[in-house]
Amino acid sequence: MVTVRDIANACGVSTATVSKALNGYGDISAETAEKILKTAHEMHYMPNAAARQLKTNISHSIGVLFFDETNSGLTHEFFSKILNSAKDEAESLGYDITFISKNIGGKEATYLEHARYRRCDGVLIACIDFTSTSVKELVASEIPTVTIDYSFNDKSSVMADNVNGGYVLTKYLIMHGHRKIAFIHGENTSVTKKRMVGFYRALGEESITVPDSYIVSARYHDPEMAGEATRALMNLKDRPTAIMYPDDYAYMGGLMELERMGMSVPRDVSCVGYDGISLSGIMHPRLTTYFQDTDKLGRLSVDKLVESIERPKTCVPETINVEGRLIEGHSVGQIRHRSVLG
């Protein structure tokens, strides 16, 4: 491994001069600095991470805690885009990404133990049971954290506008004459609860009530469960005219089930999704959905985490909200047999 001393010998200068050039100090001549940097590049010099950590007390390593119950992992289109954006932003700021789990060398550990073992400066937390003891232990520790779509009282978080998303989709269906609106929702998380708030707010503004049988529990990113829920809804005696799905990927299961039942979208039932993944734009019919800005969610979460790592005395914990938007497709039909809504 090439050392600072090797570069110093090659350039005929002291190790202190090499260190100043590598760290951008301005008290050496531009000509000397340029020569040192050129030599370092040609010799394939890489800074010693351990030495850098001793000097700055920062390892430049960010942990990512991500768990998906459907075991789709990094093929999960929505969260994979958030994590990819986070990775790009972290690397641009000089940080590496490492995944946190409950395993150290084949032995069970807590998330906090693993984060300490990996010497993480901070941890980004997404798509997990935020009520678990192990997650709470990590958040309450000395390691800075930023959560996505969940807010702890005194910690920073980056939030998608889930209340507004549920509201906008519901109002869109109501505008198209629908009053029999079913909601297939994901697990009982804060995200689900917020979307349900938006759903019921929109219904309440139009004095619309829906039966309990229209509210069906499934899982995010699970087409099979969404398909089963769709069949149950469409077998009701008084079936809905519109169905809201927990995400675009889950809608695929609903669409396939409707086709097995000899039904089509939007002729027999209108449908909307959530997330605005690229796949929703090439479905037939093209899906109406609510786009979430995954790039911004990932980027802002890393920016806030790095701020808390590098400027802990001036960084103020905050909740950062990221707006989404409706993407109109062709999966919603107009109910024309009413002269007025209601």
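In our numbering, the protein residues as written are -3 to 338. Beta carbons are placed, not taken as given, at the ideal position from N, Cα and C, and that holds for glycine.
The alpha helix (DSSP H) runs lying completely inside the stretch 118 to 194 and spanning 4 residues or more are 129 to 135 and 158 to 171, given in chain order.
Taking 4 residues as the minimum length, the alpha helix (DSSP H) runs contained wholly in the stretch 226 to 266 are 244 to 256, in order along the chain. Annotation: the continuous beta strand (DSSP E) that includes leucine 322 extends over 321 to 323. For tyrosine 245, the number of other beta carbons within 10 angstroms of its own is at least 16, and it is reported as buried. Under DSSP, the beta-bridge partners assigned to glycine 59 are Thr94 and Val119. In the DSSP assignment, serine 15 falls outside any beta strand (DSSP E) and within the unbroken alpha helix (DSSP H) covering 11 to 18. Look at aspartate 218 here: in three-state DSSP terms it is coil, with no helix or strand label. For lysine 292, the closest of Leu79, Lys151 and Glu38 by C-alpha to C-alpha distance is Leu79. Inter-residue distance for glutamate 27 and valine 302 is about 33 Å (C-alpha atoms, whole angstroms). The beta carbon of serine 137 is closer than 6 Å to those of Leu108 in its chain, skipping five residues each way along the sequence. Excluding residues up to 5 positions away in sequence, Ala178, Ile180, Thr226, Leu229, Gly250, Val265 and Cys267 lie with their Cβ nearer than 7 Å to the Cβ of isoleucine 239 in the same chain. Under DSSP, the beta-bridge partners assigned to threonine 284 are Val268. Lysine 103 carries a strand assignment under DSSP once its states are collapsed to helix, strand and coil. DSSP places isoleucine 32 in the helix class (H, G or I) of the three-state scheme. Isoleucine 96 and isoleucine 58 have their C-alpha atoms roughly 10 Å apart. Boundaries of the alpha helix (DSSP H) harbouring threonine 290: 290 to 306, taken from the DSSP string. Counting C-beta atoms within 10 angstroms of its own C-beta, glycine 294 has 16 or more neighbours from the protein chains shown and is therefore classed as buried.
The secondary-structure analysis by DSSP pairs threonine 315 across a beta bridge with Ser153. Check the Cα spacing between phenylalanine 62 and each of Ala122, Glu133 and Val159: the tightest is with Ala122.
The stretch 268 to 287 makes contact with the stretch 319 to 334, as at least three CB pairs between them are under 8 Å. In this structure alanine 105 does not touch glutamine 288 by the C-beta definition: roughly 32 Å separates them, more than the 8 Å allowed. Between the stretch 270 to 284 and the stretch 304 to 312, the count of Cβ pairs shorter than 8 Å is below three; the stretches do not touch. When C-beta atoms of the stretch 183 to 200 are compared with those of the stretch 150 to 166, three or more pairs fall below 8 Å, so the two segments count as touching.
Judged by their CB atoms, methionine 259 and glycine 223 are not nearer to each other than the 9 Å cut-off.
Here serine 276 carries a helix assignment [DSSP, helix/strand/coil]. DSSP places valine 212 inside the beta strand (DSSP E), whose first and last residues are 211 to 213. Just measuring C-alpha positions, the residue of Glu133, Pro140, Thr188 and Ala6 sitting nearest lysine 309 is Pro140. By the neighbour-count criterion, in which a residue is buried when 16 or more other Cβ atoms sit within 10 angstroms of its Cβ, proline 207 is exposed. The residue among Tyr247, Ser147, His172 and Lys189 with its C-alpha nearest the C-alpha of threonine 315 is Ser147. At a Cβ-Cβ threshold of 9 Å, methionine 39 and alanine 6 count as neighbours.
Residue environment: threonine 284 is assigned as buried (16 or more neighbouring CB atoms within 10 Å of its CB, all protein chains considered). Within 10 angstroms of the beta-carbon of glycine 8 lie fewer than 16 other beta-carbons, which makes it exposed.
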